[in-house]
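Numbering (this note's numbering), first residue to last: 959 to 1257. C-beta atoms are modelled at their ideal positions from N, C-alpha and C, and glycine is treated no differently. Before any comments, here is the structure.
This is the structure we're talking about:
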């Protein structure tokens, strides 16, 4: 069953799917004995934030405005005159200042608070999350939503942030509202076959891309082997796209990366492989044959 997958295995599936293996090596999850997803995410964020705090949080220029006794940046003449600040030896200024109050830091801080509220979270982890949250007093809280993550812009020097933000986005996506009670609850996506299927497929694809550097590894659209490629009836046929195609100098492999909580289907009290998957693979291979070369004997 999907619920029995070791939680650390899920972590490495995610790291491969996100192509974040080097960043993942920085975060130690060997001490995670729980099988709760919230505990895994909590451990990653705690260890990841400890790494960032030792290195120094990323900063960016933030535009501020204030009444100042010494000129800084640009003077707002209208506001200064309206408040008669000159008579008091002051001016109203707009100026830029380096600040840790950046969007990535805001998202991470808000996720720490978010995750600390999960009822099933280990109490020790909850205390550590709250401790780190309180130490980030210079950073504002934000309302987490999926659109917020799209606004983040990172540069090559803060790649580790992308890894932590992937975790934050996963936490945000798992935090759902209960329509009956109006309370928020944490949804364990490990028990969601569709979510796990997407993760498993991404893991397999990136695993082979990283491990088979001399091979061409990608998703691939396969055309129907029709007598005439311009036949208008072809639009009625479903599209064919492989989960993973692997090509090297000697062979072509087609992999159908399927995930099920139950490996076999039951038919008349007999366990069998999911037949639709076999038919799909057979169709892919038969329509590759006319290309010739290694594709003619694709497996």
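Same chain only: Cβ atoms within 7 Å of residue i, ignoring 5 sequence neighbours per side
i	result
residue 996	1073, 1076, 1078, 1079, 1144
residue 985	1002, 1005, 1006
Where residue i falls: helix, strand or coil (DSSP)
i	result
residue 1109	coil
residue 1028	coil
residue 1042	coil
residue 960	Any answer about residue 960 is weak, because its pLDDT of 42 lies below 50 and its placement is not dependable; what the coordinates show is given next. In this structure, residue 960 counts as helix in the three-state DSSP scheme.
residue 1078	coil
residue 1097	coil
residue 976	helix
residue 1088	helix
residue 1242	helix
residue 1203	strand
residue 1127	helix
residue 985	coil
residue 1018	strand
residue 1049	strand
residue 1216	coil
Cβ neighbours of residue i in the same chain (closer than 6 Å, five flanking residues each side left out)
i	result
residue 1119	1062, 1112
residue 1179	1199
residue 1084	1074
residue 1128	none
residue 1246	1253, 1256
Best match in the options for proximity to residue i [C-alpha to C-alpha]
i	options	result
residue 1005	1180, 983, 1154, 1058	983
residue 1008	1194, 1167, 1122, 994	1122
residue 1086	1233, 1195, 1000	1000
residue 1054	1039, 1031, 1036, 1104	1031
residue 1028	1017, 1011, 1052, 1208	1052
residue 993	1183, 971, 965, 1117	965
residue 1238	1132, 1216, 1131	1216
residue 1211	1106, 1194, 1233, 1243	1243
residue 1065	1108, 1056, 1024, 1033	1108
Proximal residues to residue i (C-beta, below 8 Å), its chain only, five neighbours per side dropped
i	result
residue 1091	1067, 1070, 1071, 1074
residue 1101	1068
residue 998	965, 966, 968, 969, 987, 990, 992
Original post:
Three or more beta-carbon pairs under 8 Å between the segment 1162-1182 and the segment 1203-1217, yes or no?
Top reply: yes
Subject >> Segment contact, 8 Å Cβ cut-off, at least three pairs: the segment 1044-1064 with the segment 973-980 >> reply: no
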